[in-house]
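The structure appears right after this line, and notes come after that.
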Amino acid sequence: MRRIVFVGGVLLLLVGLLAWSAPVELVFWHMEARPHRVERIKELCDQFNAEHPGIQVIPQVQSWGEIYVKAPAAIQAGRGPDFMLCIPDFLTYIKALGVVQPLDDLIAKLQGEYTFIQSSLDPYFFDGHYWAVPIYGMDFVLWYRKDLFEKAGLDPNKPPRTWDELLDVCEKLKASGVVEYPIAVPGAIHMATDQLIYTLMVVNKAEHIFGEDPNEIIFDNPRTVEAYAFYKKLFDYSPPGSENWKWDQPRTAFFTGQVAMVMEKGHYIKGWVDNTDLSLEYLGAAPVPVPEDGQPGTIYYSNGLMLLTDDPQKREAFATFIRWLYQPEIMSRLLHMDPGFFLPVTQEVLYSDAFWSDPIIKEKTAAVVIAIESSKYGKLFGFTRDTVNPNVGAISAGNILAWTAQQITVAGLSPAEAVAKGAEKMREAIRQ
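Spelled out as structure tokens, the structure:
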């Protein structure tokens, strides 16, 4: 009997020791689905796991095209991740499920060590708390092919700065015969179209979708109509089928020389290296052109990490991972998964040798500086007032900006008619 009791006690002790020594697992969903980004994120997680044997961060790649449907379904079924990549409007969408955890203590500790670029942090503070930790920013610039500009008799060092100049360049490129279609424009009901539309709205001083009242839609106004009218002019210069274009088709058209211009984020730098045999010196960059009475601007996304579990051990493990990631050398390696696309969110990274040491960034320093400078004027719909609008997630989830564009390009409505329909669709979305 004593032997049975002894053996039983030993087994209980072993079980206890195994449970105590098991690492804390953190399932991490991210939407950086291009292979080189997937690989870099896995490399960093593997390095962290090796240095912290008590924690295992398990990255799982998702898709921005599906995440607004997949994440809520998984979370409600109890199969969601422990933490997740987010942008501010997506965060508000997930926060409505009641699982996003406040991160005030962690942000306070980071603020004690680092100086945040405020535009990256502000969108994540609302309802009295910080709800995510920013890790990188991104915005729009005008990319243009200097080689095609030269062939068309245009000055490759004088990109268009205004809407009128942009249309004039489109006409000259087309007339030259160098390209049949001067600019690539996404037109699918997709985030790619949302982002371009909103960038045009920002530079035309139409950045506010909501009034001071979070339930008031002011989308239907003359400046928004002007932005959509200009979008339609650009769309008419884009290749056939652009109403189905998302992110990849404009990239292909630009890299193959089918078009000479595109307005997009900084992933075009690495894309150029990976998809053309041309020198990076032929890849031109400029701020987004503005109308005569407009303002400098771009859409600006602060990408962050939100915690979706209230488990104390996982919360502490998440904080350990974030503090490790925030070291300038480590964070620079994350940003270098697509050099020039992902912009720093702290001064320590921005002014570090580590960030500027990447060979591609060294070669395209001017383009990266343009993106960083443009971010000072960046805005995001739903985050343009003193308080964050909780209704914005429903509008971004439905890609209503892009849906409105298709009322023009596919359904044949005038910009004014389309914007009126878009405003009504927004009202329906926030009522649900």
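Taken in order, the sequence shown gives residues 5 to 436; the numbers are from the working numbering.
Ideal Cβ placement from N, Cα and C applies to all residues, glycine included.
Since the model is a prediction, treat every value here as computed from it, not as a measurement.
| query | Do you know offhand how far residue 59's Cα is from residue 34's? | reply | Roughly 18 Å between the two C-alpha positions.
| Does the stretch 159–168 come within contact of the stretch 287–295, defined as at least 3 CB pairs closer than 8 Å? | Contact holds: three or more Cβ-Cβ distances are below 8 Å.
| Do you know how far the Cα of residue 353 is from the Cα of residue 419? | Between the alpha carbons of residue 419 and residue 353 lies a gap of roughly 43 Å.
| query | Cα separation between residue 251 and residue 107? | reply | The alpha-carbon atoms of residue 251 and residue 107 are separated by roughly 32 Å.
| In terms of residue numbering, what span does the beta strand (DSSP E) encompassing residue 30 cover? | 28–34 is the span of the beta strand (DSSP E), which, as asked, contains residue 30.
| What runs of the alpha helix (DSSP H), each 4 residues or longer, lie entirely inside the stretch 241–314? | Secondary structure in the stretch 241–314: the alpha helix (DSSP H) runs of 4 residues or longer, each lying completely within the stretch, are 252–259, 271–279 in chain order.
| field | Reference residue 393, options 153, 404, 214, closest by Cα | value | Selected option, being the one with the closest Cα: 214.
| request: Kindly identify the DSSP beta-bridge partner or partners of residue 443. | output: Outside the shown range of the chain (5 to 436) lies residue 443, about which nothing can therefore be said.
| message | Does residue 52 come out as helix, strand or coil in the three-state DSSP assignment? | response | Helix.
| Can you tell which of 88, 220, 221, 57 has its C-alpha closest to the C-alpha of residue 72? | Ranking 88, 220, 221, 57 by Cα distance to residue 72 puts 88 first.
| query | Between the C-alpha atoms of residue 121 and residue 141, what's the straight-line distance to the nearest angstrom? | reply | Near 10 Å, if we compare the C-alpha coordinates of residue 141 and residue 121.
| query | Is there contact between the stretch 341–352 and the stretch 34–50, where contact requires at least three CB pairs shorter than 8 Å? | reply | Yes: at least three Cβ pairs fall under 8 Å.
| query | Considering only the beta carbon of each residue, do residue 308 and residue 136 sit closer than 8 Å? | reply | Contact: yes.
| request: Using the DSSP secondary-structure output, state which residues sit across from residue 142 in a beta bridge. | output: Note: residue 142 is bridge-paired with 305 in the DSSP secondary-structure output.
| query | Counting only beta-carbon atoms, is residue 404 nearer than 8 Å to chain C? | reply | Checking the listed chains, one finds no chain C in this structure; it contains a single protein chain.
| query | For the candidate residues 414, 406, 408, 399, whose alpha-carbon lies nearest to that of residue 432? | reply | When each option's Cα is compared against that of residue 432, the closest is 399.
| Touch test, the stretch 195–209 against the stretch 293–312, Cβ-Cβ under 8 Å, three pairs minimum | Yes, the stretch 195–209 touches the stretch 293–312.
| said: Please report the straight-line C-alpha distance between residue 314 and residue 104, rounded to a whole angstrom. | reply: About 9 Å.
| task | Could you have a look at residue 358 and say whether DSSP puts it in helix, strand or coil? | result | Note: residue 358 maps to helix in three-state DSSP.
| In three-state DSSP terms, what is residue 350? | Correct three-state label for residue 350: strand.
| What is the rounded straight-line gap between the Cα of residue 170 and the Cα of residue 61? | Spanning the two alpha carbons is a distance of roughly 46 Å.
| query | Taking C-beta to C-beta, are residue 325 and residue 30 nearer than 8 Å? | reply | Note that the C-beta distance between residue 325 and residue 30 is below 8 Å.
| query | For residue 125, which of 384, 408, 402 has the nearest alpha-carbon? | reply | Per the Cα distances, 384.
| task | Determine the direct distance from the alpha carbon of residue 219 to that of residue 425, and round the result to whole angstroms. | result | Here the alpha carbons of residue 219 and residue 425 stand approximately 17 Å from one another.
| Taking the C-alpha atoms as reference points, what is the distance between residue 349 and residue 138? | Rounded to the nearest angstrom, the two C-alpha atoms are 7 Å apart.
| request: Find out if the Cβ-Cβ distance for the pair residue 202, residue 242 is shorter than 8 Å. | output: In this structure, residue 202 sits away from residue 242, with a CB-CB distance that is not shorter than 8 Å.
| field | For residue 60, the three-state DSSP class (helix, strand or coil) | value | Note: residue 60 maps to strand in three-state DSSP.
| Thinking just about the alpha-carbon of each residue, which of 37, 38, 43, 57 is nearest to the one in residue 321? | For the set 37, 38, 43, 57, the Cα lying nearest the Cα of residue 321 is the one of 57.
| query | If you check the beta carbons only, do residue 406 and residue 198 fall under 8 Å apart? | reply | Their beta carbons are under 8 Å apart, which means residue 406 touches residue 198 by this criterion.
| task | Check residue 194 in the structure and name its three-state DSSP category. | result | Here residue 194 sits in coil by DSSP.
| task | Please state if the CB of residue 85 and the CB of residue 64 are separated by a distance shorter than 8 Å. | result | A distance below 8 Å separates the beta carbons of residue 64 and residue 85.
| request: Check whether the Cβ atoms of residue 293 and residue 158 lie closer than 8 Å to each other. | output: Result no, Cβ atoms of residue 293 and residue 158 do not sit closer than 8 Å.
| request: Answer yes or no: do residue 379 and residue 356 have a C-beta to C-beta separation smaller than 8 Å? | output: Cβ distance not < 8 Å, so residue 379 and residue 356 don't count as in contact.
| query | Buried or exposed: residue 156, going by 16 or more other Cβ atoms within 10 Å of its Cβ? | reply | Classification of residue 156: buried, given that the 10 Å Cβ count is 16 or more.
| message | Could you check whether the stretch 173–187 touches the stretch 358–365, counting it as contact only if at least three pairs of C-beta atoms, one from each stretch, sit closer than 8 Å? | response | The answer is no - the stretch 358–365 does not touch the stretch 173–187, with fewer than three Cβ pairs under 8 Å.
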